[in-house]
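Visitor: Residue numbering for the sequence shown follows my numbering, starting at 12 and increasing by one per position.
No residue lacks a Cβ here, since even glycine has one placed at the ideal position from N, Cα and C.
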Amino acid sequence: MKAIIQFFALAALCVLSHTADAASFRTVVIDAGHGGHDNGGQWGRVYEKHLALDTAFRLESKLKAMGYQTVMTRSSDYFISLPQRVSTGNRYKNAIFLSIHYNYTWKPEVSGLESFYYSEEGKRLAQYVQNSLIQRTHTVDRNAKYARFYVIRNSTIPAILVEGGFVSNAPERDRMKSGWFRETIAQGIVDGIQRYRGCN
Ligand SMILES: [Zn+2]
Numbered sequence: 012m013k014a015i016i017q018f019f020a021l022a023a024l025c026v027l028s029h030t031a032d033a034a035s036f037r038t039v040v041i042d043a044g045h046g047g048h049d050n051g052g053q054w055g056r057v058y059e060k061h062l063a064l065d066t067a068f069r070l071e072s073k074l075k076a077m078g079y080q081t082v083m084t085r086s087s088d089y090f091i092s093l094p095q096r097v098s099t100g101n102r103y104k105n106a107i108f109l110s111i112h113y114n115y116t117w118k119p120e121v122s123g124l125e126s127f128y129y130s131e132e133g134k135r136l137a138q139y140v141q142n143s144l145i146q147r148t149h150t151v152d153r154n155a156k157y158a159r160f161y162v163i164r165n166s167t168i169p170a171i172l173v174e175g176g177f178v179s180n181a182p183e184r185d186r187m188k189s190g191w192f193r194e195t196i197a198q199g200i201v202d203g204i205q206r207y208r209g210c211n
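#1: Closer than 7 Å by C-beta to Lys75: which residues in its own chain qualify, once you throw out the five before and the five after it? Chain order, please.
#2: Tell me which same chain residues have a C-beta within less than 8 Å of the C-beta of Asp88, skipping the five on either side of it?
#3: CB Phe192 to CB Lys156, shorter than 7 Å?
#4: Could you check the C-alpha separation between Glu194 and Leu109 for me, to the nearest Å?
#5: When every heavy atom of ligand 1 is checked, does at least one fall within less than 6 Å of the C-beta of Gly209?
#6: Could you tell me whether any non-hydrogen atom of ligand 1 is closer than 6 Å to the CB of Glu183?
#7: On the DSSP bridge assignment, give the partners of Ala170 in chain order.
#8: Excluding the 5 residues flanking Leu27 on each side, which residues of the same chain have their C-beta closer than 6 Å to its C-beta?
#9: Three-state secondary structure (DSSP) at Trp191?
#10: What are the boundary residues of the alpha helix (DSSP H) that includes Tyr115?
#11: Does the Cβ-Cβ distance between Tyr113 and Gly55 come in under 7 Å?
#12: When you compare only the Cα positions, how much space is there between Arg96 and Arg186?
#13: What does the shell around ligand 1 hold, if a residue joins when its beta-carbon is under 5 Å from any heavy atom?
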């Protein structure tokens, strides 16, 4: 019964669409970067793997409430390989793949948000998500960019990788340590998904 209600909620949510393909997906595969022994970017006790997983959970609950089906490639602090992440996503046809990361560089002054794509369809999704993230966070726009990262290059569904700011930048690190900022990132991604789907 719950599934039926969710289906109608999603159908009612979005009547118009720009392309048939984009409008038809109802599953979002959420890939929280890193995990287990792979901490990702790290500064003191601030670990990218924790920030990414928390943001992924926030995104999951928002999307579920809107009637989307969600799949998490990992749901706690354990290691999974890049091929495992991709094969989880590629099990779904009517879906998009969203990898969540936070950035790191040795230059502490570098800041901002960026989204990466590999395919043409991924490019459209990345541009919507990037623009929505910038609107929500009012932070430095490092743009949607082409990249050959494993998880987006090997996905058979539209796939992007979002970097929600730099762990290595003090002001951004302070923000991402607080729940409201990760909530804002999750909401920005939701906005972008909705726009990509042709709903807003
Ligand atoms: Zn990462």
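Guide: Judging by the given coordinates:
#1: Thr81
#2: Gly46, Gly47, Lys60, His61 and Leu64
#3: no
#4: 16 Å
#5: For ligand 1, not one heavy atom lies less than 6 Å from the Cβ of Gly209.
#6: Glu183: no, Cβ never under 6 Å from ligand 1.
#7: Ala170 is bridged to Phe108.
#8: Residue placement at Leu27 is poorly supported in this model, since its pLDDT is 45, which falls under 50; the coordinates still yield a value, given next. Same-chain partners within the cutoff: Gly209.
#9: In the three-state scheme derived from DSSP, where H, G and I count as helix and E and B as strand, Trp191 is classed as helix.
#10: Here Tyr115 belongs to no alpha helix (DSSP H), and DSSP marks it neither H nor E.
#11: no
#12: 28 Å
#13: Gly44, Gly51 and His112
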